[in-house]
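Please read the structure below before turning to the comments.
Number of protein chains: 2
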Amino acid sequence: MRNIKMTIEYDGKRYQGWQRLGDSDKTIQGKIENIIHQMTGEKIEIIGSGRTDAGTHAKGQVANFKTESTMSLDEMLDFFHQYLPQDIVVKQLDDMPERFHARYNAKGKQYSYNVWNHRIPSAFYKNYSMYVPEYLNIEKMEEACEKLKGTHDFRGFSALKKTKKSTTRTISDIAIQRHGDILQFTFVGDGFLHKMVRIMMGTLLDIGVGRLSVEDIDGIFETGIRSQAGDTVPSQGLFLDEVFYK
Amino acid sequence: MRNIKMTIEYDGKRYQGWQRLGDSDKTIQGKIENIIHQMTGEKIEIIGSGRTDAGTHAKGQVANFKTESTMSLDEMLDFFHQYLPQDIVVKQLDDMPERFHARYNAKGKQYSYNVWNHRIPSAFYKNYSMYVPEYLNIEKMEEACEKLKGTHDFRGFSALKKTKKSTTRTISDIAIQRHGDILQFTFVGDGFLHKMVRIMMGTLLDIGVGRLSVEDIDGIFETGIRSQAGDTVPSQGLFLDEVFYK
């Protein structure tokens, strides 16, 4: 039995997210599984490194699937390019040891979030960024990033209902870079709770415009109360950049 | 009577091009005229620097319109941002002398064309580039650009039927730049015939893959026969970057 690792790029705009929902044709996972079924004749479930929400993009989502197919990786790559919709691209395929598991073996992830920070909006980046015309205090946001970094209970920065699972995560890096009118926020960590990046982003933007203070981060960590953090920013600015393995 | 110059950015994907066609709601000109009508109560025709084809984008299309409105330019800018669809953005407004005419006064234009030149296509640039996985000989294409530059009869590089108007144009610069997997071709000239940039691009790509030779350019200039040049490349890779005025 072969175990194949896929690295996948997608424009999430038209989709209800990564995870297949029944027979829905509107998920990334569903689209890819349909093509693998056409390609191999096998009914295969692919395992993603994790879900992405409706509208979220990926530059390097990772998944794996097991197959008896004898097709070469190049032939499979060509098949994917021919039959997948243009907004889902399989960038790379690798044969892996049978024990490789895209979710269990993931050691960390990098996400980025684009903010279009100019009075004049963009006709081209509207689907790939959040429009924020207000002045943003970068220094204050960078101080807040320092507070978010490290190992904390991120319950207050997540959309989770009550859970018995640990909500402690470690963020190793957050960086803010300006590329022209785009402010790009990059988050690297060992794992992220549901909507955690988008809620941290909403909180950083509140600090950038002065609606929250840097010190409010401490309070959110202490109480774990979601409503003290900023809004969940729109998914169209969010990219899953990369999934890290050993 | 005020005469207002508009600088406009648009994602051409959803539109049938710049020029209003009857009552069609599917043109850039039509969309903007409808908003100006709402804004001023006046039935106004705007004058573009020239047409762009269905699917072609613009970073700096220029148009002008005359109005009795006493609104400030900032108020107008806000009105446009609020009511235009997100894929059409008025970037700048300027009050001009009454004789300013966006078409007659244009001294030249810059267009660019994006080619996605990598085996693996892009999920994000598909609407903003042409996918060309083949190896392209940049040196040969640059030699061809040198031949295209200057003052020539570009009849063979246009989609014009018989015309009595001059088909002589001057191209002052063509440049090829690589940005990652994107090859960007930039064309600067005093004017461009219908589909001229897209036919020059198709010809350059044919030279890049070896289907045509650099010397074939001379033949196309001599005979003026359209069928000797390359195909018209798709409009989604084309951008009107800038219109030049004195």
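Residue numbers (the working numbering), protein chains in the order written: chain A, 83 to 328; chain B, 83 to 328. All residues carry an ideal CB built from backbone N, CA and C; glycine is no exception. Just so you know, these numbers come straight off a predicted model, no measurement behind them.
Asked	Found
Show which residues of chain B have a CB atom less than 7 Å away from the CB atom of H163 (chain A).	P203
Within a Cβ cutoff of 8 Å, which residues of the same chain sit near G232 (chain A), ignoring the five residues on either side of it in sequence?	T252, I253
Determine whether the beta carbon atoms of A145 (chain B) and I128 (chain B) lie at a separation below 9 Å.	yes
Determine the extent of the alpha helix (DSSP H) in which G301 (chain B) is found, giving its start and end residues.	298-305
Which whole-angstrom value is the C-beta distance of S194 (chain B) and T268 (chain B), which I expect to be below 8 Å?	5 Å
Run through DSSP, which three-state label would Q164 (chain A) get?	helix
To the nearest angstrom, report how far apart R133 (chain B) and Q192 (chain B) are at their CA atoms.	14 Å
Tell me whether the beta-carbon of A136 (chain B) lies closer than 9 Å to the beta-carbon of G104 (chain B).	no
Using C-beta distances below 8 Å, list every residue in its chain close to R201 (chain A), excluding the 5 sequence neighbours before and after it, in chain order.	P215
DSSP three-state label for N187 (chain B), please.	coil
Can you pull out the residues from the stretch 172-199 of chain A whose beta carbon lies closer than 9 Å to at least one beta carbon of chain B?	V172, K173, Q174
Is it true that the CB of A311 (chain B) sits closer than 9 Å to the CB of F239 (chain B)?	yes
Out of curiosity, what's the CA-to-CA distance linking G290 (chain B) and E225 (chain B)?	10 Å
Determine the extent of the alpha helix (DSSP H) in which Q120 (chain B) is found, giving its start and end residues.	110-122
Based on Cα-Cα distance, which residue from B:Y165, B:H183, B:E150, B:G319 lies nearest to Y213 (chain B)?	B:G319
Please state the DSSP three-state secondary structure of G142 (chain A).	strand
For C227 (chain B), collect the residues of the same chain with a Cβ closer than 6 Å to its Cβ; drop the 5 residues on either side in sequence, then sort them by chain order.	I256
Could you pull out every residue in the same chain whose Cβ sits closer than 7 Å to the Cβ of N209 (chain A), ignoring the five residues on either side in sequence?	K95, Q318
Sort out for me which residues DSSP pairs A257 (chain B) with in a bridge.	B:T268
Between D300 (chain A) and the rest of its own chain, which residues show a CB-CB distance below 8 Å, the 5 nearest in sequence each way excluded?	K229
Kindly indicate the opening and closing residues of the alpha helix (DSSP H) around E221 (chain B).	220-230
Is any beta-carbon of chain A found at less than 9 Å from that of K113 (chain B)?	no
Helix, strand or coil, according to DSSP, for V279 (chain A) in the structure here?	helix
Output the distance between the C-alpha atoms of T89 (chain B) and R237 (chain B), rounded to the nearest integer angstrom.	30 Å
Check the Cβ of Y92 (chain A) against every Cβ in chain B and list those closer than 7 Å, keeping chain order.	A205
Straight-line CA distance for P179 (chain B) to K148 (chain B)?	11 Å
At 9 Å on the CB atoms, spell out the chain A contacts of I368 (chain B), in chain order.	Nothing about residue 368 (chain B) can be read from this structure; chain B reaches only from 83 to 328.
Taking Cβ positions, are H139 (chain B) and D107 (chain B) nearer each other than 9 Å?	no
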